[in-house]
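Down below is the structure, laid out as structure tokens.
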Amino acid sequence: MHQTTCSKTWDGSAGGMEKEGAKKIFERSIAKGLRYTNMISDGDSSAYEAVKHTYVNALIKNLIRSGKFTNHSSMDSKDENINIFLSKLSSEQYENNLVTKEDCINHVKKRVSSHLKTLKSRYSGFENVREENLTSATEKNKHIQPVGKSRKRRRLADGKSYGGGAGRMTKAMEHKLADSYGIAIRQSSESAKNLDEDDAVKLIERRCRAAFLHNIKNSNGELQHGLCQTGPYSWCSYQKDKYVPLKQKIDPAKQIKRLDPIFLEILTPMIDTLTNPILLRRCLRGATQNANESINSVVWSILPKSKYHGYRSIRGAAAISSIFFNRGRSGLVKFFDQVGIPVTDELLGALLGKDYKRIEKAENNTQRHDIIKRRKEQQRIQGQIEEDEEMDYGAGIF
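If you want it as structure tokens, here you go:
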């Protein structure tokens, strides 16, 4: 009775379910005549490891069936025996059929916060608590009794705490470092589209390092800002100050808010990890999981993820969400026709009304973004004009 009525499809952990689901999707693509060349990952490698050889294995099985591997054509072609034939493939055959792993740049950006959270727990708080034996007030007993514990805050090598005010790590600085790193990857992926892959990786690495080093004080300004964008329109105030009069320089005021030099040693391991060419190579396209997250939010709006739902409910919600995501609410009209639900004028008007509101909201958000972008550009141009005018006119210039 259980087997005929139960809709349970998985018996294991959530992580294992994600891995098995990815494997089935990629294997099913072969039967459907579709091939996935890339897999956008959120950092978890178990799912990728399960699918990266999907098409390599399929190629080997086809070669075995066709008799191309004559010396081993009688061998079983199960997955555990496939590795025997990998050496028979050319490097071109292997590379062309290997699924490429890419990282979602939004998840890569979050790694900054994860690293900084670890560093905060390591360098903040109190040192190991030690007991102090203090002499009792009663002279005649002559006993030494433990009456308390002393606690000492952790200090960095410069004698100051890890967090605090100016020059120390704060929440605002954590967000700034993460945002700067994310912007560097996103903008570099756009600039590097026409470059050779190795040159593109070097460009992203340079800009990502600049995003971190720019925010750490250094007595040598060229070392601190040497990787930053140069020119009068640079985002780096140090580089920009090279093109303005002494009284108009703004970098000294901004330098006060940057991290003290001691943080260069603390953050260097994190910087090296997050600017690793292997990681940045997976970010070249600037790919994100935004589309997946978007359709997931549609599913959750139908079936809240805070509650348990059975297989049939989830399958139905996923189908409806796909219709909503790709065709809007009006996409249900064809479904209603197929299942025999009459589509009245009132029902059609309600569906079209919801689609209109969604489109109108999206257009308003786009217009608002464009207005803000144009306003910032105008302010930047106006500021540059005013700076040029101040340089042209002044007491004693002529």
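Numbered according to the UniProt record's numbering, the sequence shown spans residues 1 to 398.
Where a beta carbon is used, it is the ideal one built from N, C-alpha and C, also for glycine.
| Check | Outcome |
| --- | --- |
| Three-pair Cβ contact test at 8 Å for the stretch 236-251 versus the stretch 280-288 | no |
| Own chain partners of Asp224 with C-beta closer than 8 Å, once the 5 adjacent residues on each side are dropped | It should be pointed out that residue 224 corresponds to Gln in this sequence rather than to Asp. Closer than 8 Å at the Cβ level, and outside the excluded window around Gln224, lie Leu213, His214, Ile216, Lys217, Asn218 and Tyr238. |
| Reduced DSSP secondary structure (H/G/I, E/B, other) of Leu259 | strand |
| Reference Glu127, options His107, Arg154, Thr118 and Tyr36, closest by Cα | Arg154 |
| Ala178 beta carbon less than 9 Å from that of Val112 | yes |
| Residue range of the beta strand (DSSP E) that includes Met39 | Asn38 to Ser41 |
| Simplified DSSP state of Thr273, which is helix, strand or coil | helix |
| Beta carbon of Leu116 nearer than 9 Å to that of Glu174 | yes |
| Sequence-distant residues of its chain with Cβ nearer than 6 Å to Glu18 (five each side left out) | Ala47 |
| For Thr100: DSSP bridge partner residues | Asn38 |
| Burial state of Ala22 (16 or more Cβ within 10 Å) | buried |
| For Thr54, the first and last residue of its enclosing alpha helix (DSSP H) | Thr54 to Arg65 |
| Sheet register partners of Gly163 (DSSP bridge) | Met169 |
| Contact check, Ile266 vs Ala166, beta carbons under 9 Å | no |
| Arg153 (DSSP reduced to helix, strand or coil) | strand |
| Environment of Thr54 [buried if 16+ CB atoms lie within 10 Å] | buried |
| Buried or exposed by the 16-neighbour rule on C-beta atoms within 10 Å, applied to Lys361 | exposed |
| Coil, strand or helix - Arg295 by DSSP | It is Ile, not Arg, that sits at residue 295 in the sequence shown. Three-state result, Ile295: helix. |
| CB contact flag (Thr9, Tyr311, <9 Å) | yes |
| Three-way DSSP call (helix, strand, coil) for Ile302 in this model | helix |
| In DSSP terms, what Ile216 is bridged to | Leu259 |
| DSSP-derived helix/strand/coil call for Gly148 | Because the pLDDT of Gly148 is 49, which lies under 50, any placement of that residue in the model is unreliable, and the question is left without a value. |
| Presumed contact (8 Å Cβ cut-off) between Val299 and Ala318, rounded CB distance | 6 Å |
| Spatially closest choice to residue 405 from Glu49, Tyr123 and Ala58, by CA coordinates | Because the chain here runs from 1 to 398, residue 405 falls outside it and cannot be looked at. |
| Identity of the residue in Asn106, Leu98, Asp198 and Gly226 nearest Asn38 by Cα | Leu98 |
| 9 Å Cβ cutoff met for Ile105 and Gly182 | yes |
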